[in-house]
Amino acid sequence: MTDARVALDRVARSLLAAGLEAVEVYLKIGRSRRAALGSEGRLVSLHRENGWAVRASGARSSLFCCGSGELPLSGPWPSPDGPSLRLPGPRPVTEWREPAVLRAPLCVEHEALEILEACERELARGLPGARLLQATLEDGESDSQVVNTRGVEALWRQRGSTLYLEAALGDDRVIEFVGGSNARAFNPRALVRRIIDRLLIRRDGSIGERDRGAVLLAPPVAVRILSTLLPLLLGDEGGSGSGSGFGSFMAEHGALGSKHLNVVDDGRLANGLFSAPVDGEGVPTGKTVLLEKGVLRATLGHGAARDGETGGAVGCVRRASYRDIPRVGPSHLFIEADARMSPGALLADLSRGHYFLDAMDAGRFDLEGDRFEITVGGFAVRSGEPTRTISGARLSGRLSQLLGGLEAVARDLTFFPLRGLLGSPSLLITGLDVNGKSRF
Amino acid sequence: MWFSSADAAAIGRCLAQVADQATDIVDLFLERRYELEMRSEETGPGVVARRDEGFAIRLVRDGHTHLVARDGFEAGALESALREVARVIPSSAYSVPELATLGPPEIPAWDEFRDFQTRVRQAVRERHAAFDFRVRIAHHRRWVQLVGRRLMPEPETEAFFSLACSTPWGGFGTLTPELDDDCVAAVAKALVGRFRARGASVIGGFAGPIVLAPAATAVLLHEAVAHALETDTLVLSGRPEAAVGVALGSDLLDVLDSPGDMPPALRRETDDEGLPVLRRWLLRRGCVSQVLADRFHAGLSPHLLPGAARRASRHLPPVPRSTHLELVPGDHDFADLLEGASGIYFSEISRGRLDPLSGELVVEFPHGRRFRAGRLGDWVGRCVLRGKASQVLSAVEAIGDEREFAGAGWCAKAGHRLPVWATCAHLRLSGLEIGQ
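Here the protein sequences line up with chains A and B, keeping their order.
Note that this note's numbering has the first sequence beginning at 1, numbered continuously upward.
Note that this note's numbering has the second sequence beginning at 441, numbered continuously upward.
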């Protein structure tokens, strides 16, 4: 791999003529294998990634350039424009022990296909008539370096896998998308079981009756709700959501949620898909409590914006690839689980309510209007027992009730690759409407 | 060749060694992209340049596709990629040429970008509106070259601009081959539309006639005709060739895909598998005439014609996709289409999707305008049209007599992000319900 420090010196010299004094060089080499079953038959591909990115800024202008192949040390570079940007300064990196899985070899062709074919077999055996429309496994590894003229210098390795499964029964279609640090750890039987449960709910369920009891939300539904908090948790990059919407929301309610709502972002989560000692700017990662007992404690932010500050989370700038501008984003952001509580115990204690396993659409969440609705599927529950299959029900209410009515969390923390990895255990919430009148 | 001084015949001979069975498909796909973007955000970077180049070798054998993709053209890359795709270590080494590019592409001048933003602001003011908005402009250039065992078509190039505008009342995006006066007017009109409709009433349910502008027609036909007739969609529910002859819509509809009939900067002679593109009739009098196929799917049936393959990137295999939809014009002028009972006119569709299994179509309108007796009236807010694709297409009762090259945008079906284009006219539909 090219020596990034040497490259930085050359690139910085070539950009100085354009008045760009602050320069960052990012280099990445990666290797990945993809296996897929679908309408294009069986596909196996091998990809070698070799890319670079340069960010540079002067007093009144800046640029971001990236490309594949060799870094052009002396340009040509486009004329800089627009506002300036700030690069982070160096921070001490706390001890990082590289997980052994980072050195594990990629899945070979037959291993990758075997995982997909196992999913296909499990589905055919578990639910005759169901079809696997698309299955894609990606397994990759990369080495990255970042250096900048403020003294940041970092080198790290990452390893990640994702599995995408799309299945249908009649006209009903469901998708499971999971990620982890090791493709060999995917469990086809468990994943397909989830798919079968969701397809059966859609086939056998009805919309159910209007109700206003307790609801137990399984991780796939709970994560959709967590994702609505992202505009707040992304600090300055949250866009409109961090403005008047959440501002007025918190002013009115004091806290965002109940005492059971603890949200954490951990860039070094054990076996996490995005675990690394530093983020995409070379700033050390760590674990940050964002919401504690429902109260906002910190937001994610740029290392440069927070140089010299004591509060706020840094080390949370992500680069989806060398082609992407570094942006603040979660790495492994999750609602903390309660290790003492099983989802079965929460279900058993549910005297009357619903257990929703499946989010059937993306939902609508209006922060300023303090309202939400999402279409869900699962079961009506009486005395801890499922009594009726529900599909297409509308779960709705006030957002403040959704977050403030959180009564308990279970221990089944599950992550989903959305924007970063978002995770949640099952959540027990009271005071929401099932099949109530639409609030939109 | 733009990418190399290497001997193409030598590359072809190497590919022939990999594809040793008569039915094998093997090709080398060379790609170079250059994208320059001017941003108007509050934080930097103010300029983004992406330069991307590399190649992929594909081998299709017995329904299995093996693809090896590389970034850049480093020494020995082609040789090692050939070994990986063949998945053997031959006893004698291939005599493989090296690939090399011809230096970095020319960086376009900024003046046109800056001038465009000024012209849009001026055009908004001329429409008696003043509000805050941002315009992000990117210039996209792509060069591709395909080399097969016996085939080496001419290189293909494309160049266009993408615009992403944001207002307090929603975003607007489009693609355009030129930043000309028509484009300025279209962008200003779309932005002012969002401004005028900002407090418009939301309609709960409406069942009268609707009229779609050419840009909205383009999105509707892209979802309901093009996606419905792509072989990777059709194969999910049966044999793709069985679709031919099926009545999909009103007998007023004649729709074709014609990648060769676009402005010069976009025009294609061959698809991304190196096969000549066709003027492909998708619907004739509302019945399916042909479907969109690539080589892989065309190999499944003698009734399918390849030539509609597109690759979003060398890292992805080709897929059958539409490039440029054309709607044959009708004989109604715009005033005719607005005659009669009270209806709603939609100038844009902000989003559309087709469920490949159920055929359920959903299109979202950012706003619309009521019309009655030939005159446009009050604005209405965001609303949605839902229905089976065939039901929606059957509701077409009149087609406008003037066509526009309009409605272009990014298609992201199945993760393949591709620019798509259209030349369409106004459509009038009735018997459909518009709701939330």
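The beta carbon of each residue, even a glycine, is placed where N, CA and C say it ideally should be.
Please read all numbers here as calculations on a predicted model, not as lab measurements.
So, with DSSP's three-state summary, where would you put serine 275 of chain A? Here residue 275 of chain A refers to the residue found at position 275 of the first sequence. Correct three-state label for serine 275 of chain A: coil.
Could one say the Cβ of aspartate 171 of chain A lies closer than 8 angstroms to chain B's Cβ atoms, at least one of them? In the first sequence, residue 171 of chain A corresponds to position 171, counting from 1. So yes, aspartate 171 of chain A belongs to the interface.
Per DSSP, what kind of secondary structure is serine 729 of chain B in: helix, strand or coil? Here residue 729 of chain B corresponds to residue number 289 of the second sequence, with the count starting at 1. In the structure shown, the three-state DSSP call for serine 729 of chain B is coil.
Using a C-beta to C-beta distance shorter than 9 angstroms, which residues of chain B count as neighbours of isoleucine 175 of chain A? Within the first sequence, the letter at position 175 stands for residue 175 of chain A. By Cβ distance, chain B contributes nothing, its closest Cβ being about 12 angstroms from isoleucine 175 of chain A, past 9 angstroms.
Between the beta-carbon of leucine 137 of chain A and the beta-carbon of glutamate 524 of chain B, is there less than 8 angstroms? Here residue 137 of chain A refers to the residue found at position 137 when the first sequence is read from its first residue. Here residue 524 of chain B refers to the residue found at position 84 when the second sequence is read from its first residue. Against a cut-off of 8 angstroms, the Cβ pair of glutamate 524 of chain B and leucine 137 of chain A comes out as no contact.
How would you label phenylalanine 495 of chain B, buried or exposed, when you count the other beta carbons within 10 angstroms and need 16 or more for buried? As a working note, residue 495 of chain B is residue 55 in the second sequence. Phenylalanine 495 of chain B is buried by the Cβ-count criterion.
Rounded C-alpha distance that separates leucine 586 of chain B from isoleucine 374 of chain A: The residue given as residue 586 of chain B occupies position 146 in the second sequence. The residue given as residue 374 of chain A occupies position 374 in the first sequence. Cα-Cα distance, rounded: 47 angstroms.
Own chain partners of leucine 706 of chain B with C-beta closer than 7 angstroms, once the 5 adjacent residues on each side are dropped: Translated into positions along the second sequence, residue 706 of chain B becomes position 266. Closer than 7 angstroms at the Cβ level, and outside the excluded window around leucine 706 of chain B, lie Glu598, Phe600, Pro617, Trp861.
Assuming the contact rule is C-beta atoms closer than 8 angstroms, phenylalanine 64 of chain A and valine 488 of chain B should be a hit. Round their C-beta distance to whole Å, please. Your numbering for residue 64 of chain A matches position 64 in the first sequence. Your numbering for residue 488 of chain B matches position 48 in the second sequence. Contact holds; Cβ gap of about 5 angstroms.
Compute every distance between the C-beta of alanine 276 of chain A and the non-hydrogen atoms of the ligand FAD, then say whether any falls below 7 angstroms. Ligands are entirely absent from the displayed structure, and the ligand FAD is therefore not among its contents.
Please tell me whether aspartate 81 of chain A has its Cβ less than 8 angstroms away from any Cβ of chain B. Position 81 of the first sequence, counted from the first residue, corresponds to residue 81 of chain A. For aspartate 81 of chain A, the answer is yes, since a Cβ of chain B falls inside 8 angstroms of its Cβ.
Beta-carbon within less than 6 angstroms of alanine 647 of chain B's beta-carbon, same chain only, minus the 5 sequence neighbours each way: which residues are those? In the second sequence, residue 647 of chain B corresponds to position 207, counting from 1. The residues are Glu873.
Under 6 angstroms Cβ to Cβ from phenylalanine 845 of chain B, same chain only, skipping five residues before and after it: list those, please. Here residue 845 of chain B is taken as the residue at index 405 of the second sequence, counted from 1. The residues are Thr863.
Looking at valine 147 of chain A and leucine 8 of chain A, is the spacing between their C-beta atoms short of 8 angstroms? Working through the first sequence from its first residue, we reach residue 8 of chain A at position 8. Working through the first sequence from its first residue, we reach residue 147 of chain A at position 147. Cβ atoms of leucine 8 of chain A and valine 147 of chain A: closer than 8 angstroms.
Which residue's Cα is closest to the Cα of phenylalanine 365 of chain A: A:Ser391, A:Ala345, A:Ser400? In the first sequence, counting from the first residue as 1, residue 365 of chain A sits at position 365. Answer by Cα proximity: A:Ser400.
Glutamine 158 of chain A, DSSP secondary structure in three states: By 1-based counting over the first sequence, the position of residue 158 of chain A is 158. For glutamine 158 of chain A, the secondary structure class from DSSP, reduced to helix, strand or coil, is strand.
Simplified DSSP state of cysteine 623 of chain B, which is helix, strand or coil: Taking the first residue of the second sequence as position 1, residue 623 of chain B is located at position 183. Cysteine 623 of chain B falls in the helix class under three-state DSSP.
Buried or exposed: which applies to glutamate 471 of chain B, given that a residue is buried once 16 or more other Cβ atoms fall within 10 Å of its Cβ? Residue mapping note: residue 471 of chain B aligns to position 31 of the second sequence, counting from 1. By the neighbour-count rule (16 or more Cβ atoms within 10 Å), glutamate 471 of chain B is buried.
Status (buried if at least 16 other CB within 10 Å, exposed otherwise) for arginine 60 of chain A: Stepping through the first sequence from its first residue, residue 60 of chain A is reached at position 60. Exposed, since its Cβ has fewer than 16 Cβ neighbours within 10 Å.
Interface residues of chain A facing glutamine 876 of chain B [CB-CB closer than 9 angstroms]: Counting from 1 along the second sequence, the entry for residue 876 of chain B is found at position 436. The answer, in chain order, is Ser438, Phe440.
Can you find at least 3 beta carbon pairs, one from the stretch 346-363 of chain A and one from the stretch 387-405 of chain A, that sit closer than 8 angstroms? The stretch 346-363 of chain A is in contact with the stretch 387-405 of chain A.
Expressed to the nearest angstrom, what Euclidean distance is found between the alpha-carbon atoms of alanine 104 of chain A and arginine 159 of chain A? For the purposes of this step, residue 104 of chain A is taken as the residue at position 104 of the first sequence. For the purposes of this step, residue 159 of chain A is taken as the residue at position 159 of the first sequence. So the two alpha carbons sit approximately 9 angstroms from each other.
Which two residues bound the contiguous alpha helix (DSSP H) that contains glutamine 557 of chain B? By 1-based counting over the second sequence, the position of residue 557 of chain B is 117. Here the alpha helix (DSSP H) through glutamine 557 of chain B covers 551-566.
For arginine 439 of chain A, collect the residues of the same chain with a Cβ closer than 7 angstroms to its Cβ; drop the 5 residues on either side in sequence, then sort them by chain order. Your numbering for residue 439 of chain A matches position 439 in the first sequence. The answer, listed in chain order, is Arg371, Glu373, Ser396.
Helix, strand or coil, according to DSSP, for arginine 10 of chain A in the structure here? Counting from one through the first sequence, the residue named residue 10 of chain A turns up at place 10. Helix at arginine 10 of chain A.
Got a sec, what are the start and stop residues for the alpha helix (DSSP H) threonine 389 of chain A sits in? One-based indexing of the first sequence puts residue 389 of chain A at position 389. Premise fails: threonine 389 of chain A lies in the beta strand (DSSP E), 385-397, not in any alpha helix (DSSP H).
Cβ neighbours of glycine 243 of chain A in the same chain (closer than 7 angstroms, five flanking residues each side left out): As a working mapping, residue 243 of chain A is identified with position 243 in the first sequence. Residue placement at glycine 243 of chain A is flagged as unreliable, the pLDDT there being 44, under the threshold of 50; the coordinate-derived value follows with that caveat. Answer for glycine 243 of chain A: no residue qualifies.
Determine the direct distance from the alpha carbon of asparagine 271 of chain A to that of histidine 866 of chain B, and round the result to whole angstroms. Here residue 866 of chain B corresponds to residue number 426 of the second sequence, with the count starting at 1. Here residue 271 of chain A corresponds to residue number 271 of the first sequence, with the count starting at 1. So the alpha carbons of these two residues sit roughly 55 angstroms apart.
Could you give the first and the last residue of the continuous beta strand (DSSP E) run that contains valine 264 of chain A? Reading the first sequence from its first residue, position 264 is the one you call residue 264 of chain A. Here the beta strand (DSSP E) through valine 264 of chain A covers 263-266.
Report yes if the C-beta distance between valine 215 of chain A and leucine 432 of chain A is below 8 angstroms; otherwise report no. Along the first sequence, read from residue 1 onward, the residue named residue 215 of chain A stands at position 215. Along the first sequence, read from residue 1 onward, the residue named residue 432 of chain A stands at position 432. Going by C-beta atoms, valine 215 of chain A is nearer than 8 angstroms to leucine 432 of chain A.
If we count the other Cβ atoms within 10 Å of its Cβ and call it buried at 16 or more, is lysine 293 of chain A buried or exposed? Within the first sequence, residue 293 of chain A is the residue found at index 293, counting from 1. Label assigned to lysine 293 of chain A: exposed.
Which value, in whole angstroms, describes the spacing of the CA atoms of glycine 205 of chain A and valine 642 of chain B? Taking the first sequence and counting its residues from 1, the one referred to as residue 205 of chain A is at position 205. Taking the second sequence and counting its residues from 1, the one referred to as residue 642 of chain B is at position 202. Between glycine 205 of chain A and valine 642 of chain B, the C-alpha separation is close to 31 angstroms.
Jot down the residue ranges of each uninterrupted beta strand (DSSP E) in the stretch 32-91 of chain A, minimum 3 residues, whole runs only, in chain order. 41-57, 62-68
Indicate whether proline 757 of chain B and arginine 750 of chain B have their beta-carbon atoms separated by less than 8 angstroms. Residue numbering aside, residue 757 of chain B sits at position 317 when the second sequence is read from its first letter. Residue numbering aside, residue 750 of chain B sits at position 310 when the second sequence is read from its first letter. Against a cut-off of 8 angstroms, the Cβ pair of arginine 750 of chain B and proline 757 of chain B comes out as no contact.
Arginine 203 of chain A at chain B interface by Cβ criterion, 8 angstroms: Position 203 of the first sequence, counted from the first residue, corresponds to residue 203 of chain A. Taking Cβ atoms only, chain B never reaches closer than 8 angstroms to arginine 203 of chain A, which makes this a no.
Would glycine 651 of chain B pass as a contact of arginine 791 of chain B if the rule is Cβ separation under 8 angstroms? Taking the first residue of the second sequence as 1, we reach residue 651 of chain B at position 211. Taking the first residue of the second sequence as 1, we reach residue 791 of chain B at position 351. Rather than glycine, the amino acid found at residue 651 of chain B in this sequence is valine. Their beta carbons are not under 8 angstroms apart, which means valine 651 of chain B does not touch arginine 791 of chain B by this criterion.
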